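Peer 1: Going by this note's numbering, the first residue of the sequence shown is number 119, and it counts up by one from there.
Even glycine gets a Cβ: it sits at the ideal position worked out from N, Cα and C.
This one's a predicted model, so the numbers in the text were calculated from it and none came from an experiment.
Let me give you the structure first, and then I'll get to my questions.
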Amino acid sequence: MVNVNFKPSKAYIEKALNAFGTLQGRQGRGNDFLGWLDLPSDTPESIVKGCEDIAKEWKDKGVQVAVVIGIGGSYLGAKAALEALSHSFGLNEKGIHVVFAGFNLSEEYHAELIDYIQDKSVAAVVISKSGTTTEPAVAFRVVKEHIEERYGKSEAASRIVAVTDKARGALKSLSDQEGYRTFVIPDNVGGRFSVLTPVGLLPIALAGYDIRALLKGAAAMARRCSERSEENPALIYAAARNEHYDAGKKVEILVNFNPKLQYVGEWWKQLFGESEGKEGKGIFPASVNFTTDLHSMGQYIQEGERMLFETVISVENAGRELVITNDPQNLDGLNFLTGMHLEHCNKMAEAGTRLAHLDGGVPQGRVTVDRIDEYNLGELFMFFEEACGISAYVLGVNPFDQPGVEAYKKNMFALLGKPGYEAQAEAIRKRLE
Ligand code: PA5
119 MVNVNFKPSK AYIEKALNAF GTLQGRQGRG NDFLGWLDLP SDTPESIVKG CEDIAKEWKD
179 KGVQVAVVIG IGGSYLGAKA ALEALSHSFG LNEKGIHVVF AGFNLSEEYH AELIDYIQDK
239 SVAAVVISKS GTTTEPAVAF RVVKEHIEER YGKSEAASRI VAVTDKARGA LKSLSDQEGY
299 RTFVIPDNVG GRFSVLTPVG LLPIALAGYD IRALLKGAAA MARRCSERSE ENPALIYAAA
359 RNEHYDAGKK VEILVNFNPK LQYVGEWWKQ LFGESEGKEG KGIFPASVNF TTDLHSMGQY
419 IQEGERMLFE TVISVENAGR ELVITNDPQN LDGLNFLTGM HLEHCNKMAE AGTRLAHLDG
479 GVPQGRVTVD RIDEYNLGEL FMFFEEACGI SAYVLGVNPF DQPGVEAYKK NMFALLGKPG
539 YEAQAEAIRK RLE
């Protein structure tokens with residue numbers, strides 16, 4: 119179970135209650151993108167089963183690697199879940215090994231991807247809501263060609279699945295033409311809120327994890343977050359972070375003490391950054407992995423510019439046990455730790471850091487998670503999505519658009535010579551001289 123520990127003032131609870139009313143009443147800006155609120159309970163059995171069936175079919179066929187192609191909201195949720203649920207060193211894989219592509223334009227990365235898959239049985243899932251995003255489209259060209267060359271067009275069609283809009287976009291037309299199976303991303307669910315659609319469910323199922331438990335956890339959290347109450351965790355978190363922001367704490371750091379949660383941080387950064395960073399406003403979302411980054415960012419956090427607050431994701435129960443043993447020589451002087459669980463040291467590091475940062479002027483709140491499993495991850499995803507909707511409405515922005523993302527694309531297309539961008543191209547080149 120996910121719980122929160124933040125102490126916002128009455129005034130900010132009031133603001134969050136208003137924003138909560140706007141979100142749940144579906145009356146705010148961008149309210150045609152609220153389908154994610156209903157996903158945990160309304161996801162049809164056909165979608166869940168459809169994802170599980172493909173996972174089984176490909177596993178039975180001997181597929182060793184599934185390349186999941188997408189960027190932003192079309193990959194970060196699945197990546198976060200798989201990093202959290204998988205063995206840190208790749209052991210004990212339950213399902214198919216999932217790798218990601220299409221989230222950068224690096225020639226090296228994609229060439230090395232081909233090196234990696236060329237002698238393995240491979241399948242691919244291409245995910246793009248718009249169906250026109252350059253990065254996944256380019257990566258898909260590369261992977262599609264590879265799969266078709268190895269297996270022929272007809273077998274390739276059974277090894278490729280597309281997740282996209284139901285009607286629009288190049289990916290939908292391509293899938294219809296090539297006979298790929300498709301899953302639909304609902305019109306009313308934006309990319310960064312889509313982890314509980316097949317965007318997240320299919321890759322997570324392919325890797326062998328329990329997507330029903332994920333949805334169940336999300337549904338339980340959605341119920342808690344639909345209550346107009348000062349106990350509503352999303353509301354409390356949204357209130358606290360806006361209060362910090364208004365008090366001059368412009369940067370929020372999401373902290374974990376478990377490297378498995380690194381990509382939850384990446385997913386969270388997109389969710390909040392893209393939803394709130396607009397109209398000259400918004401908390402800048404950053405993330406760190408502790409204790410690792412205490413040895414790199416710790417100094418700044420303790421004593422640098424006082425514009426920071428921290429939200430710690432604290433996992434209460436470790437998934438494994440390891441006890442520190444006695445060393446008769448005790449050259450490192452650490453025998454006082456003998457018999458202690460390593461996680462106890464981690465918890466004491468967490469508690470010590472909390473106090474040190476509070477003393478250093480970095481306010482802190484905590485999101486506690488029972489353990490890392492599918493159910494708790496479902497709760498966590500839903501909790502942050504609900505909080506993001508409320509928080510952005512407190513801030514006064516539309517959480518569900520991202521107009522600023524277009525700026526780099528226009529310049530890139532002009533520089534690449536895309537037809538229709540000729541006029542801008544010359545001016546842009548001059549500016550780069
Ligand atoms: O949240 C969003 O809408 C974006 O970050 C998208 O997820 C991202 O740009 C990928 O878009 P698409 O799925 O259309 O390829």
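Would you call the CB atoms of residue 330 and residue 166 closer than 8 Å?
Peer 2: Contact: yes.
Peer 1: Using a Cβ-based criterion (distance less than 7 Å to any ligand heavy atom), does residue 189 qualify as near the ligand PA5?
Peer 2: Result yes, Cβ under 7 Å from the ligand PA5.
Peer 1: Does DSSP classify residue 330 as helix, strand or coil?
Peer 2: Reduced to three states, the DSSP call for residue 330 is helix.
Peer 1: Report, in whole angstroms, the separation of the C-beta atoms of residue 499 and residue 314, which I expect to be a contact under 8 Å.
Peer 2: Yes, residue 499 and residue 314 are in contact; Cβ-Cβ is about 7 Å, under 8 Å.
Peer 1: Exposed or buried, residue 523, counting other C-beta atoms within 10 Å across all chains shown (16 or more means buried)?
Peer 2: Exposed: under 16 other Cβ atoms inside 10 Å.
Peer 1: Return the CA-CA distance between residue 259 and residue 151, expressed in angstroms with no decimal places.
Peer 2: If you take the alpha carbons of residue 259 and residue 151, they lie about 30 Å apart.
Peer 1: At the level of alpha carbons, what is the spacing between residue 431 and residue 472?
Peer 2: So the two alpha carbons sit approximately 12 Å from each other.
Peer 1: Measure the Cβ-Cβ separation of residue 429 and residue 483 and say whether it is below 8 Å.
Peer 2: Yes, Cβ-Cβ distance for residue 429 and residue 483 is below 8 Å.
Peer 1: Taking the alpha carbon of residue 502 as the reference point, which residue from 391, 447, 446 and 316 has its own alpha carbon closest?
Peer 2: Of the candidates 391, 447, 446 and 316, the one whose C-alpha sits nearest the C-alpha of residue 502 is 391.
Peer 1: Going by DSSP, what residue range makes up the beta strand (DSSP E) through residue 187?
Peer 2: Note, residue 187: beta strand (DSSP E), 183 to 187.
Peer 1: Taking only the alpha-carbon atoms, compute the straight-line gap between residue 548 and residue 139 and give it to the nearest angstrom.
Peer 2: Roughly 50 Å separates the two Cα atoms.
Peer 1: Quick one: does the C-beta of residue 300 sit closer than 7 Å to a heavy atom of the ligand HEM?
Peer 2: Absence of the ligand HEM is noted for the structure shown, with the ligand PA5 being the only ligands found.
Peer 1: Could you check whether residue 512 and residue 351 sit closer than 8 Å to each other, using their CB atoms as the reference points?
Peer 2: It is not a contact, given that the beta carbons lie outside the stated cut-off.
Peer 1: Jot down the residue ranges of each uninterrupted beta strand (DSSP E) in the stretch 455 to 506, minimum 3 residues, whole runs only, in chain order.
Peer 2: Within the stretch 455 to 506, the complete beta strand (DSSP E) runs of at least 3 residues are 482 to 487.
Peer 1: Beta strand (DSSP E) containing residue 428: first to last residue?
Peer 2: First-last of the beta strand (DSSP E) with residue 428: 426 to 433.
Peer 1: Please tell me whether, using a cut-off of 7 Å, the distance from the CB of residue 279 to the nearest non-hydrogen atom of the ligand PA5 is below it.
Peer 2: Not under cutoff, so the answer is no.
Peer 1: Rounded to whole angstroms, what is the Cα-Cα separation between residue 205 and residue 411?
Peer 2: Each residue's Cα considered, the two are about 21 Å apart.
Peer 1: Counting only beta-carbon separations shorter than 8 Å, does residue 221 have a partner in chain B?
Peer 2: Given the protein chain composition of this structure (a single chain), no chain B is represented.
Peer 1: Per DSSP, residue 307 forms a beta bridge with which residues?
Peer 2: The partner list for residue 307 (beta bridge, DSSP) is empty, contrary to what the question assumes.
Peer 1: Are there three or more Cβ pairs, one per stretch, closer than 8 Å when the stretch 268 to 284 is compared with the stretch 234 to 246?
Peer 2: The stretch 268 to 284, when compared against the stretch 234 to 246, does touch it at the 8 Å Cβ threshold.
Peer 1: With distances taken between CB atoms, is the gap from residue 235 to residue 264 smaller than 8 Å?
Peer 2: Yes.
Peer 1: Could you please give me the residues that DSSP links to residue 284 through a beta bridge?
Peer 2: DSSP lists no partner for residue 284.
Peer 1: So residue 247 and residue 283 are in contact, right, with Cβ under 8 Å, and what is the actual spacing, rounded?
Peer 2: Contact flag correct, Cβ pair sits at about 6 Å.
Peer 1: Please state if the CB of residue 370 and the CB of residue 408 are separated by a distance shorter than 8 Å.
Peer 2: Not in contact: residue 408 and residue 370 (Cβ atoms no closer than 8 Å).
Peer 1: Taking 7 Å as the cut-off, is the C-beta of residue 315 nearer than that to any heavy atom in the ligand PA5?
Peer 2: No, the ligand PA5 has no heavy atom inside 7 Å of this Cβ.
Peer 1: Go ahead and pull the three-state DSSP assignment for residue 228.
Peer 2: Helix, per DSSP.
Peer 1: Less than 8 Å separating the beta-carbons of residue 393 and residue 517?
Peer 2: Yes.
Peer 1: Could you please give the first and the last residue of the uninterrupted alpha helix (DSSP H) stretch that includes residue 264?
Peer 2: That run of the alpha helix (DSSP H) goes 252 to 276.
Peer 1: Please state if the CB of residue 279 and the CB of residue 298 are separated by a distance shorter than 8 Å.
Peer 2: In contact: residue 298 and residue 279 (Cβ atoms closer than 8 Å).
Peer 1: Based on DSSP bridge pairs, tell me the residues matched to residue 134.
Peer 2: Answer is none; residue 134 lacks a bridge partner.
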